[in-house]
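Enquirer:
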Amino acid sequence: MAEFGVKYWAELRSRYKGVLWRVEIAERGFTGTAEEMTFDGGTPLQITWEKRGDEFYVPVKASEATINILCRENFRYLSLFTSDPRQFRVSILRSGQLYWRGYVTADLYSEAFAAPPYTVSVKAVDGFNLLSSIPFRDLVRIGTTGRRTLWELLCACTDLLELDLDMADWMDLHAEGMDENISPLRQTYLDLERLYYVYEEPTYRDILELCLRPFAGQIFQSNGALHIRRAVSLYRTERPMSFYRVGTEYPVGRIIAGGGRRLVIHTGAQVVTSAARAAVDGMWDGDLHIPGEATLDIVPALRQVTVDVKNKSLPNLIDHLGFYRRDAWTDPYGFISQKSAAELSFVGDDDHQGVEIATRGEYVEQCNFPLTWECGMQVYHSEWGLGVIHNPNTAVAVEIHYGVRIVGEGATYSLSEGGAWVAGDREIVREMKTGSEEHVKIEIDGIPCDGEWQFFFRQTLIGRVTSYGGREDGTTSGRTSGHLESVAFRNMSLTIDAGDRYDAGLHYEALVNPANNVDMGITFPVGDIPAVPNDRLLYSLYYLDAAGNPTRTWHTKGRRDFGTLVEHVVQGALRFRQQPSRRITGELFTGAHLDMNTVVRDDKFLHAAYAVNSLELNALDDSYDCELVEMPGLLATETPPEGDDCIEIAALSFTVGKVIRCFNLLLLQDASQRTVYLFDAATRSVREIYRRDEPFAMYEADEGFVTVEGTRLCFVDCRGVVQHLLDLVEIYHYPATRMDGYFHILKEYRQYIGPRSTSASASDDTCWRTYRYLNRPEYPYDEDGAYHRGPNTTGTSMSGEILELRRTADTLVINTSQYAYLHDRRFDKPCMMQRLEAGARIVTISDRLLGMNLGEEFLLYRRDSITGRTLLQRRAGPVDCADQTLSEVAVAHEGAVSLIGLDDGSLCGVKNRSGVGQPLAGLFYIWGDLYLIRERSIHKYIP
């Protein structure tokens, strides 16, 4: 830690509240006597935290101080002008306690070029602005390989500032499985090798943002400490110990402060500060006053929120799968010879013919993403005797036995030379001639199952060397004879092409309200990766937990609001901007301590609470020129009637016949099937968006819904505007949807199953069975005109009467009277379906969970892979409808609604007494809140 000696100091008391302020300017290595300065001007001491208009996710709230002092001698303070941005350190004390610290910025030093006395203006900054220009690469302290916690990386950034301040860390967003009593920054890791692949020359500012922005975390200096927290955490009652003045010795653990507010600290160094404050300060009765020159602005509500995550695809999967790593092979007989990092050879051995060696195996997941395997192969053959090589220029044919296999839990698949996977243990047999390298390329058709990817080689190459001529001293003459074959694999590469799925995993859109005009775009420098098959092979950089696995779901400390980091930042955007909010800019007069952790309450006029977004402290006048942004919903709480746990938020003028989801809006079709209404949970409004004279059926679709109106299909967006039409030849009676840019309908064919005797009538319906299959009428199918044995269908044949169609972003479900059929576009080819158990009916599905009725039970599964699943819950009685979040599943059975906790398996009933007597039309989670749609009303569950 650098040693600083105080060279200049000055003190003042504020004009109205008598607060004592002291400024100390210390020089690195200075050991002389401190000299007193005199403040000057109407604003002798200002500290500014900027900037206005910052959104809640901006990671750094930088600050600077302006000090105006009286200079009585020419150029007395000119020594403060230096090229070293760390030579003079400024410490500002409030009532004897450290309040702010920074360094004099020489390029902002100014004084009048006139006869003294005159005013000298000294600028100091906290140093965050310098991080953008300093390369982060540190081979000694940090390194370029291995894993580091976000806390280690963050401390490297703050240590560079040389502020010598403690950090008050109250980050409260924890990944699943993390210890809630330890900061998530200490439990989240980054792989440095992958970091430097995505960010080739990162700066310290890049690293700081990598650690904070995905959490929507902010760092700023206040009251003698660096504070790290999420702006949305101000909604909570928990505060760190450093938030209150409760003494100088803080206990480790949890205590209760006045008013029931909870104080929390994380494991680590204690942070002691002394500014007294309340969790929420009253604007009028809490010694906070606005003189009258402030401005009130209305901040418009958001139309949509988009989040993009920076990443790169892995350039070569061979590095991950271990072909060129000697330690990845089981090679007890020494078949392998490695000449370079990109060349591996297998050498012949007569004594171990037929022996197979293989890599240990790396886990891969089933997918339909095409892979391309390429390498250069060259074979060698030599025979010699007593130093003479036989026929060195003759090309010799050499046969190589090698291959790739996937070892799954119940089956093994091997790769054929044509790129197809075949069941069982097979190998590729390639005959090559010596003389030159051959380029080998295999286009692989996806991965057939979850399992271990292994490379293997079977020894069929010849190899024997005999030495001759022993000398009297025990050494050999060096003469040998023998034969030897080998094969070299050079510059091997394996790539995987996820197509649109890769980009889709890095881009997230959340429609808030299409009637608004303002969009919010957020870019993450790193984050979670989507749970798509082989995500670790697709994406380079992502957060890791202590076990080295990608983090998936996060929750606020003490709550079960599980979601991805992207979903949490979107939730934060909705907390602040889902509806029009207010912003106040102007001067706030007070002797109390204000900073970015302060929440100001206006109970007198607007009855709202505000967070401080920017500050400019005028120490002399006890005033803060600040920007206050509204925190909607902080003061207005929703309380259900006594004895109930739901509130009615909308009474309907029509009877609900069907409800489907479109983004986070609900589409309600009336019982007459002629009108569609849109329900917006944010505004709690219900309005008509689509009407027809004749009844029509309505089904879920990508970014809208599909109506079936006789011979016409209409794709309608959530505004009620028809975007696409499809006219059919005959009246259509089945469900339909729109997915991946095409209408999907059901076509049918009949298959004769009757007896072959001529006594049976061919027109007897009992002799025929009807099947349906998915078809895309707009897709340009190739008509080959050739004869096909059996039905020439475009999709999987489905038996049974069609019951319903369900949709999510990635799946399409068709429930029939005999089976449930599932299409997952991450794996299944267009119109192809997976058939589930006989009698199954899927009632809820996501990328993570699947819930279905089977017989007289409801079964809840975790989707381990696209085709595999594990049973989590078994409940008696089939459910009528269901919906899910990452932490719980809501189900309805015979009108009774229950919540199943996924973390502990708990079952909690929902009373909803205000909706008793009305049939339930659906259950939906919108932004984490559960809504119950009744026949004539909509209710919100308040836990």
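All residue numbers for the sequence shown refer to the working numbering, where the first residue is 864 and numbers rise by one. Think of the CB as a built atom: it goes at the ideal place given N, C-alpha and C, for glycine as much as any other residue.
Helix, strand or coil for W1014, going by three-state DSSP, please let me know.
Expert: Looking at W1014 - three-state DSSP - the assignment turns out to be helix.
Enquirer: Buried or exposed: where does A1088 fall if 16 or more other Cβ atoms within 10 Å of its Cβ makes it buried?
Expert: buried
Enquirer: For the candidate residues G1309, V1381, N1379, whose alpha-carbon lies nearest to that of L1357?
Expert: G1309
Enquirer: State the Cα-Cα distance for the pair I1005 and P998, rounded to the nearest angstrom.
Expert: I1005 and P998 have their C-alpha atoms some 13 Å from each other.
Enquirer: Less than 6 Å between C-beta atoms, sequence neighbours within five positions excluded: which residues of the same chain meet that for S1085?
Expert: D1458
Enquirer: Can you tell me whether L943 is helix, strand or coil according to DSSP?
Expert: helix
Enquirer: In whole angstroms, what separates the C-alpha of I1805 from that of A1474?
Expert: 25 Å
Enquirer: Could you tell me which whole beta strand (DSSP E) segments of length 3 or greater appear in the segment 993-1061?
Expert: 1010-1012, 1029-1032, 1036-1038, 1052-1054
Enquirer: Assign T894 to buried or exposed, taking buried as 16 or more other Cβ atoms, counted over all protein chains shown, within 10 Å of its Cβ.
Expert: exposed
Enquirer: Identify, in the order they occur along the chain, each residue of the same chain with its Cβ nearer than 6 Å to the Cβ of N1354, setting aside the five sequence neighbours on each side.
Expert: Closer than 6 Å at the Cβ level, and outside the excluded window around N1354, lie A1205, G1239.
Enquirer: F1078 by DSSP, collapsed to three states: which one?
Expert: helix
Enquirer: Looking at the secondary structure, which residues open and close the alpha helix (DSSP H) in which G1435 lies?
Expert: 1428-1440
Enquirer: In three-state terms, what does DSSP make of A1378?
Expert: Coil, per DSSP.
Enquirer: For L1096, which residues of its own chain have a beta-carbon under 6 Å away from its beta-carbon, when the five flanking residues on both sides are left out?
Expert: The question names Leu, yet the displayed sequence has Ser at residue 1096. Cβ within range, chain order: D1035.
Enquirer: Figure out for me which residue from Q1216, P1255, R1223 has the closest Cα to the Cα of I1263.
Expert: Q1216
Enquirer: Residues in its own chain within less than 7 Å of A1229 by CB, not counting five upstream and five downstream?
Expert: The identity of residue 1229 in the sequence shown is Gln, whereas the question assumes Ala. Around Q1229: I1310, P1311, C1312, D1313, P1396, F1690, S1728, I1729, T1730.
Enquirer: By Cβ distance below 7 Å, which residues in the same chain neighbour Y1615 in space, the five residues on each side in sequence not counted?
Expert: Setting aside the 5 residues that flank it on each side, Y1615 is surrounded in the same chain by C1630, W1631, each with a C-beta closer than 7 Å to its C-beta; the list follows chain order.
Enquirer: Run through the segment 1344-1423 for me and flag every whole beta strand (DSSP E) of 3 or more residues, listed as ranges in chain order.
Expert: 1370-1374, 1381-1387, 1417-1419
Enquirer: Mind reading off the beta-carbon distance from T1679 to G1663? Whole number of angstroms is fine, and I expect it under 8 Å.
Expert: 3 Å
Enquirer: Would you tell me roughly how many angstroms separate the C-alpha atoms of R1321 and Q1586, rounded to the nearest one?
Expert: The alpha-carbon atoms of R1321 and Q1586 are separated by roughly 59 Å.
Enquirer: Find the nearest neighbour of N937 within the set R949, P979, G965, T911, judged by alpha-carbon distance.
Expert: P979
Enquirer: Check whether the Cβ atoms of E1072 and P922 sit closer than 8 Å, and answer yes or no.
Expert: yes
Enquirer: Three or more beta-carbon pairs under 8 Å between the segment 1016-1031 and the segment 985-999, yes or no?
Expert: yes
Enquirer: Any idea what DSSP makes of F1606, helix, strand or coil?
Expert: strand
Enquirer: Looking only at its chain, what residues have a beta carbon closer than 8 Å to the beta carbon of Q1442, apart from the 5 residues adjacent to it on each side?
Expert: A1164, P1495, A1545, T1546
Enquirer: From this set, E1566, V1519, E1757, which residue's C-alpha is nearest D1533's C-alpha?
Expert: When only C-alpha atoms are compared, the closest one is V1519.
Enquirer: Taking G1583 as the reference, which of F1568, H1183, T1235 has the closest Cα?
Expert: F1568
Enquirer: If you draw a straight line from the C-alpha of S946 to the C-alpha of A969, how long is it?
Expert: 7 Å
Enquirer: Just to confirm the assignment, what range does the alpha helix (DSSP H) spanning H1834 have?
Expert: What the structure shows of the chain is the stretch from 864 to 1806, and residue 1834 is not part of that stretch, so it cannot be assessed.
Enquirer: Helix, strand or coil: which one does DSSP assign to H1302?
Expert: The answer is strand: DSSP assigns H1302 an E or B state.
Enquirer: Span of the beta strand (DSSP E) holding L933?
Expert: Counting along the chain, L933 sits inside the beta strand (DSSP E) bounded by residues 926-934.
Enquirer: Using a Cβ-Cβ cut-off of 8 Å (strictly less than) and excluding sequence neighbours within five positions of R1011, which residues of its own chain qualify?
Expert: Answer for R1011: I1005, Y1052, L1053, L1055, listed in chain order.
Enquirer: Check R1670 in the structure and name its three-state DSSP category.
Expert: Note: R1670 maps to strand in three-state DSSP.
Enquirer: Near T896, what residues of its chain come up, given a Cβ to Cβ distance below 6 Å and the 5 sequence neighbours on each side ignored?
Expert: none
Enquirer: Between V1549 and F1559, which are expected to be in contact by the criterion C-beta below 8 Å, what is the C-beta distance as a whole number of angstroms?
Expert: With a Cβ gap of about 20 Å, V1549 and F1559 do not count as contacting.
Enquirer: Would you call the segment 1171-1188 and the segment 1477-1485 touching, i.e. three or more CB-CB distances under 8 Å?
Expert: With a cut-off of 8 Å, the segment 1477-1485 and the segment 1171-1188 do not count as touching, because too few Cβ pairs lie within range.
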